[in-house]
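Participant: First, the structure itself, so that you have it in front of you.
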Amino acid sequence: MSFNHIYCGNGKGKTTAALGLALRAAGANMNVHIIQFLKSSETAELKSLSGIKNISVARCSRGFGFTFQMTDEEKAEITEQHNKMLRDAKTLISQGKIDMLILDEFLDAYSLGLVDRELADSIALRHYDSVELVITGRDPSDEYLAEADYVSEINSVKHPFEKGVQARKGIEY
Numbered sequence: 815m816s817f818n819h820i821y822c823g824n825g826k827g828k829t830t831a832a833l834g835l836a837l838r839a840a841g842a843n844m845n846v847h848i849i850q851f852l853k854s855s856e857t858a859e860l861k862s863l864s865g866i867k868n869i870s871v872a873r874c875s876r877g878f879g880f881t882f883q884m885t886d887e888e889k890a891e892i893t894e895q896h897n898k899m900l901r902d903a904k905t906l907i908s909q910g911k912i913d914m915l916i917l918d919e920f921l922d923a924y925s926l927g928l929v930d931r932e933l934a935d936s937i938a939l940r941h942y943d944s945v946e947l948v949i950t951g952r953d954p955s956d957e958y959l960a961e962a963d964y965v966s967e968i969n970s971v972k973h974p975f976e977k978g979v980q981a982r983k984g985i986e987y
């Protein structure tokens with residue numbers, strides 16, 4: 815039996831929680847596939863994950879910057895990349911090649927219209943017999959909340975960014 819998880823909210827730690835679950839699953843010999851939406855820059859977790867044979871990561875092929883700075887052409891390009899990653903994940907599921915699918919920052923890409931919603935819903939709004947589904951991001955819809963078995967909301971009470979501290983390698987990325 816598999817379950818659906820959502821890690822949401824405005825606090826730091828949604829991706830961290832999902833990656834912690836990925837590590838646990840990999841340690842139990844599960845095959846984990848992670849799709850990182852809206853992310854392309856090099857991060858410290860990628861270096862760690864690359865050394866784990868049963869974890870694969872898909873992400874954008876190049877940086878697009880912040881969504882509010884993207885041109886219409888860049889939005890179309892990132893949307894196509896997101897859709898391709900979703901189609902590839904659907905294939906991995908149908909072939910029985912993964913036990914866990916993590917859709918990191920999916921809720922943000924979804925709410926910004928940077929994925930084909932019908933395609934996204936066909937993956938994210940169902941329960942799989944043998945694939946644990948993990949979704950992260952902000953502001954899940956009521957439909958996504960209703961479908962989830964686990965919902966963890968991570969709220970920001972205090973963050974160094976509020977004092978002008980920039981993101982730090984190994985901590986925020």
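Heads up, this note's numbering is the position in the sequence shown plus 814, with the first residue counted as 1.
Beta carbons: idealized from backbone N, C-alpha and C, even for Gly.
Here the structure is a predicted model, which means the values were calculated and not measured.
Using only the alpha-carbon positions, how far apart do Leu-947 and Met-914 sit?
Facilitator: Locating residue 947 in the sequence shown gives position 133, where the first residue counts as 1. Locating residue 914 in the sequence shown gives position 100, where the first residue counts as 1. Rounded to the nearest angstrom, the two C-alpha atoms are 6 angstroms apart.
Participant: So what's Asn-845 in DSSP terms, helix, strand or just coil?
Facilitator: Position 31 of the sequence shown, counting from 1, holds the residue named residue 845. The answer is coil: DSSP assigns Asn-845 none of H, G, I, E or B.
Participant: Would the beta-carbon of Gly-825 fall within 8 angstroms of that of Ile-968?
Facilitator: For the purposes of this step, residue 825 is identified with residue 11 of the sequence shown, where counting begins at 1. For the purposes of this step, residue 968 is identified with residue 154 of the sequence shown, where counting begins at 1. In this structure, Ile-968 lies closer than 8 angstroms to Gly-825 by Cβ.
Participant: What does DSSP give as the partner residue(s) for Val-871 in the beta ladder?
Facilitator: As a first step, residue 871 must be located in the sequence shown, where it is residue number 57. Beta-bridge pairing links Val-871 to Ile-848.
Participant: Out of curiosity, what's the CA-to-CA distance linking Asp-918 and Thr-950?
Facilitator: Walking along the sequence shown from the start, residue 918 turns up at place 104. Walking along the sequence shown from the start, residue 950 turns up at place 136. Cα to Cα, the separation comes out at about 5 angstroms.
Participant: Using 8 angstroms as the Cβ pair cut-off and three pairs as the minimum, do the region 888-897 and the region 861-871 touch?
Facilitator: no
Participant: Does DSSP classify Ser-925 as helix, strand or coil?
Facilitator: Taking the sequence shown and counting its residues from 1, one reaches residue 925 at position 111. Reduced to three states, the DSSP call for Ser-925 is helix.
Participant: Whose CA, out of Gln-850, Leu-906, Ala-831 and Lys-911, lies closest to the CA of Asn-843?
Facilitator: Walking along the sequence shown from the start, residue 843 turns up at place 29. The option with the nearest alpha carbon to Asn-843 is Lys-911.
Participant: DSSP on Asp-918, reduced to helix/strand/coil?
Facilitator: What you label residue 918 is simply residue 104 of the sequence shown in a count that begins at 1. Reduced to three states, the DSSP call for Asp-918 is strand.
Participant: Got a sec? Which residues, its chain only, sit under 6 angstroms from Ala-840 by beta carbon, not counting five neighbours each side?
Facilitator: The residue given as residue 840 occupies position 26 in the sequence shown. Residues of the same chain with a CB within less than 6 angstroms of the CB of Ala-840, apart from the 5 flanking positions on each side, are Val-846, Ile-866, Asn-868 and Ile-869 in chain order.
Participant: Output the residue ranges of the beta strand (DSSP E) runs that lie fully inside the region 879-962 and measure 3 residues or longer, sorted by chain position.
Facilitator: Counting whole runs of 3 or more residues, the region 879-962 contains the beta strand (DSSP E) stretches 914-918 and 946-951.
Participant: Is the region 871-888 touching the region 853-860 in the sense that three or more CB pairs, one from each, lie closer than 8 angstroms?
Facilitator: yes
Participant: For Ser-944, which residues in the same chain have their Cβ closer than 8 angstroms to its Cβ, ignoring the five residues on either side in sequence?
Facilitator: Position 130 of the sequence shown, counting from 1, holds the residue named residue 944. Only Ser-816, Gly-910 and Asp-913 meet the Cβ criterion.
Participant: Classify Glu-976 as helix, strand or coil using the three-state DSSP reduction.
Facilitator: Here the question's residue 976 lines up with position 162 in the sequence shown. Glu-976 falls in the helix class under three-state DSSP.
Participant: Label Ile-985 either buried or exposed according to how many other C-beta atoms from any shown protein chain fall within 10 Å of its C-beta, with 16 as the threshold for buried.
Facilitator: By one-based count along the sequence shown, residue 985 stands at place 171. The residue is exposed, with fewer than 16 neighbouring Cβ atoms inside 10 Å.
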